[in-house]
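Q:
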Amino acid sequence: MKIPRRTFLGGSLAVFLPFGAIRVRAEEEPKAWRSSSSLVRPSKYGDAFAHYDYVNPGAPKGGETHSVAIGTFDSFNPFIVRGTPAAGLGSFGGDLYDTLLKQATDESGVSHALIADAFKFPEDYSSATYRLNPKARWHDGKPITAQDVVWSFNFLKANSPLYTRYFANVTEAVANGDGEVEFRFNQKGNRELPHIMGDLAVLPKHWWEGTDGSGKKRDATTPTLEPPLGSGPYRIGNFRAGSEIVWERVEDYWGADIGVNAGRNNFDRKKTIYFRDENAAWEAFTKGGYDDFRVENRSQRWAIGYDFPAFKAGDVIKHEYETTAGKPMQCFVMNMRRAQFKDRRVREALTFAFNFEDMNRTLFYDSYKRTQSYFQGTELASRGLPEGKELEILNTVKGEVPPEVFTQEFKLPVYDTPQSERANLRQAFELLKEAGWHTPPNPGLWQRMLSLVGLETLPDPRFLINDKGERFTIVFLGNDPSDERVIGPYIANLHKLGIDASLRIIDVSQYINRLRSFDFDMVTTVLQQSESPGNEQRDFWSSAAADAPGSRNLMGIKSPAVDKLVDRVIYTKDRDDLVAATRALDRVLLWNYYVVPQWYSPGLRVAYWNKFGIPEQPGYVGVDFDSWWIDEAKAAALARKYKSRD
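Read in order, the letters of the sequence shown are residues -10 to 635 in the working numbering.
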């Protein structure tokens, strides 16, 4: 799978939908140069790709759009572990850097030409060669060269944890004199490798190896607040470190008329202001002038919170977009680097303790559905009992995975009656007992007397302990005060089991750093997947990723069986094989109870100030904000009614 980077809203407004949409591995035969890359089927546009069907190619340019971000930033270098990148940047370049190819917004598993106007690969998939567009330029007017591509590959693979794992099987990049770069692989038969090279962000070698205004040599391995030279549709304009950044459209952007950009990137300026927390960001949205567009992820607010004057006047519009993409695994992650989570029975008990149905009814207005798979809503999700090719694959790890994988359909506990609540909590308590957690013995009279005079400390009878006398403690980590609303009911159920559970709220920067270093007990995260999984699965589940700071293996999974299944997914031969291998992996992950699945929303809830021209949006992705433009008449009408906050 190409790691999806669908930043459809640009900057901090990015909507990361379920990774990609329907990605079916195509039986695409090697041939001569091609201008689009597909893991599904040939692009509907063919080689004559002028613009996406849904965009307005004549969309007017101009105006300014506003967004908010939570927390702060201290760097314009998004490719390293250190520092917090500013809104608009990302591991795949964001608004500043172009990539070799650009992932399509309206077709699954397709990328189109950008810096590279074409690529090719041999029959054994042992390499891939990308040909650069001779028109490709940096913002200083210098051409983007094959040497830039080679330098970028070497730097990113050496310094970016994401690229290190993503391109683990790419051994070298070699430039030739014709504006071509050949990427060589240490394996054959991996059909995905030639395609995913298109996601490489290309950086300016001459700029990063040069000196800054003070004559100091630049260092790409450290954070920086010097606006870097880029090649993309926007450059960094004004900014205040940690609190505000303005992106300016590059008027002579070399790729403005290329198919992936035509009719897009229409705003002259994109301004992002940082707020301390989500509540402040919400207040800013309701007032206008700070935030023009928001994706609403709170069901209560969506149901009853849009009652402010601008909404009642019709100046703010809310709309729920239907999407056909798969749904992400939003979940509580248990950090198995912590001793209390190493036993699978404990993790299963914590799953039994989660009462989704009551929360959906009392907190979420019955607007969510329960997530039952890491590949929810796709044909890759495991179902029923394994059979056929999936069973054959699972038999290769039999004895290394839970026996239920072969005998039971995975189902999450349901809290639909008072009786089911008692039954689920009873089951959770029995699992904890089997795992060695028990209530402290009732102290006798003499023990109580000794404790009163400080000669002995007795364990608190409310909480479970193990044979070492250690209390079962869980600290949930959050970064917003509203986390209490969601985590509180779960904590209450854990208290019923005798678990000393609590919630700690910290600032966003500290939260990010603690996740990078795996310094937490339990957190909420979103594990987004593609419908054509591949190399990126190592970053989610592999033993190697468990010890790599910044990886997506937050759980700390170290399982030889999972490693085998991940490789089985990567080296599938066709779509049927991929489906079977992914279902096998999904089933093993579920039965190991690495996470407590939460919920998903069937659609994408969006609210915006009525100042935009909006083309019909692609159904499977929901919203491509970069295809919107400022409607001058609407914007002027709003300006007359609301005082600017600039």
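Glycine included, every Cβ here is placed at the ideal spot set by N, Cα and C.
If you're wondering where the values come from, they're calculated on a predicted model, not measured in any experiment.
What residues match up with Q319 in a beta bridge as DSSP calls it?
A: Answer is V515.
Q: Can you name, in chain order, every residue of its own chain whose Cβ lies under 8 Å from the Cβ of A147, other than the five neighbours on each side?
A: Correct list, in chain order: T153.
Q: Starting from E267, trace the alpha helix (DSSP H) both ways and give me its first and last residue.
A: E267 -> alpha helix (DSSP H) spans E267 to K276.
Q: Nearest-angstrom Cα distance between W271 and A58?
A: So the two alpha carbons sit approximately 11 Å from each other.
Q: Can you tell me whether D615 is buried or exposed, with buried defined as 16 or more other CB within 10 angstroms of its CB?
A: Buried is the call here.
Q: Any idea what DSSP makes of R(-6), helix, strand or coil?
A: Low confidence applies to R(-6): its pLDDT is 44, below 50, so where it sits in the model is not reliable enough to give any reading.
Q: Is the number of C-beta pairs between the region 200 to 208 and the region 123 to 138 that are closer than 8 Å three or more?
A: The answer is no - the region 123 to 138 does not touch the region 200 to 208, with fewer than three Cβ pairs under 8 Å.
Q: Go ahead and pull the three-state DSSP assignment for G467.
A: Reduced to three states, the DSSP call for G467 is strand.
Q: Is C320 near the ligand GTP, in the sense that its beta carbon is under 7 Å from a heavy atom of that ligand?
A: This structure simply doesn't include the ligand GTP, nor any ligand for that matter.
Q: Considering only the beta carbon of each residue, do Y674 and N179 sit closer than 8 Å?
A: For residue 674 there is no data in the structure shown, the boundaries of the chain being -10 and 635.
Q: Using the Cα positions of H195 and A534, report the straight-line distance between them to the nearest angstrom.
A: Those two C-alpha atoms are separated by around 32 Å.
Q: Taking just the CA atoms, how far does Y363 sit from I11?
A: At I11 the pLDDT is 30, less than 50, meaning the model places this residue with poor confidence and gives no usable figure here.
Q: Alpha helix (DSSP H) containing H484: first to last residue?
A: Here the alpha helix (DSSP H) through H484 covers D472 to K485.
Q: Check this for me: beta carbons of V390 and W580, under 8 Å apart or not?
A: Yes, these two residues count as a Cβ contact at 8 Å.
Q: Kindly provide the ranges of any beta strand (DSSP E) runs that are 3 or more residues long and lie completely inside the region 37 to 125, ordered along the chain.
A: Taking only runs of at least 3 residues, the beta strand (DSSP E) segments lying wholly in the region 37 to 125 are 53 to 59, 90 to 92, 99 to 102, 105 to 109 and 116 to 121.
Q: Have a look at R493, I501, N45 and P317 and flag the residue whose alpha-carbon is nearest the alpha-carbon of P538.
A: Looking at the Cα atoms, I501 is the closest of the given residues.
Q: Using a Cβ-Cβ distance under 8 Å, would P67 count as near chain B?
A: Of the protein chains in the structure, only one exists, and it is not chain B.
Q: Taking Cβ to Cβ, would you say L486 is nearer than 8 Å to T312?
A: No, these two residues do not count as a Cβ contact at 8 Å.
Q: Quick check on V558: does DSSP put it in helix, strand or coil?
A: Correct three-state label for V558: helix.
Q: Relative to the C-alpha of R334, which candidate in R23, Y582, F452 and F65 has its C-alpha closest?
A: Among R23, Y582, F452 and F65, the Cα nearest to that of R334 belongs to Y582.
Q: Closer than 8 Å by C-beta to A424: which residues in its own chain qualify, once you throw out the five before and the five after it? Chain order, please.
A: Excluding positions up to five away in sequence, the list reads D332, R334, V335 and A338.
Q: Which class does Y34 belong to by DSSP, given the choice of helix, strand or coil?
A: Coil at Y34, not helix or strand.
Q: Whole angstroms are fine: how far does the CA of M186 sit from the CA of A107?
A: Spanning the two alpha carbons is a distance of roughly 12 Å.
Q: DSSP on T529, reduced to helix/strand/coil?
A: Here the sequence assigns Phe to residue 529, which means Thr is not the residue at that position. Looking at F529 - three-state DSSP - the assignment turns out to be helix.
Q: When the Cα atoms are used, what is the spatial distance from F62 to P549?
A: Computed Cα separation, rounded: 38 Å.
Q: Where are the alpha helix (DSSP H) runs, 4 residues long or more, that stay fully inside the region 337 to 409, in chain order?
A: You should have 345 to 351, 377 to 384 and 393 to 396.
Q: So, at 7 Å on beta carbons, what are the nonlocal neighbours of E398 in its own chain, with the 5 sequence-adjacent residues on each side left out?
A: Counting only Cβ-Cβ distances below 7 Å, and skipping sequence neighbours, we find G373 and L374.
Q: If you follow the beta strand (DSSP E) that L492 is part of, which residue opens it and which one closes it?
A: Its beta strand (DSSP E) spans residues D489 to I494.
Q: Output the distance between the C-alpha atoms of I463 and L578, rounded to the nearest integer angstrom.
A: If I take the Cα positions, the gap works out to 22 Å.
Q: Identify the residues that DSSP records as bridge partners of S26: which are they?
A: S26 is bridged to S100.
Q: What distance in whole Å lies between the Cβ atoms of A299 and T275, which are believed to be in contact at a cut-off of 8 Å?
A: Contact flag correct, Cβ pair sits at about 7 Å.
Q: Nearest-angstrom Cα distance between T513 and D536?
A: Rounded to the nearest angstrom, the two C-alpha atoms are 20 Å apart.
Q: Can you tell me whether H128 is buried or exposed? The criterion is at least 16 other CB atoms within 10 Å of its CB, across all chains shown.
A: By the neighbour-count rule (16 or more Cβ atoms within 10 Å), H128 is buried.
Q: Could you check the C-alpha separation between K307 and K553 for me, to the nearest Å?
A: Roughly 46 Å separates the two Cα atoms.
Q: Going by DSSP, what residue range makes up the alpha helix (DSSP H) through T571?
A: Run containing T571: R564 to W580, per the alpha helix (DSSP H) assignment.
Q: Compare the Cα-Cα distances from K259 to each of A251, L401, R290 and R224 and report the closest residue.
A: Closest option to K259, Cα to Cα, is R224.
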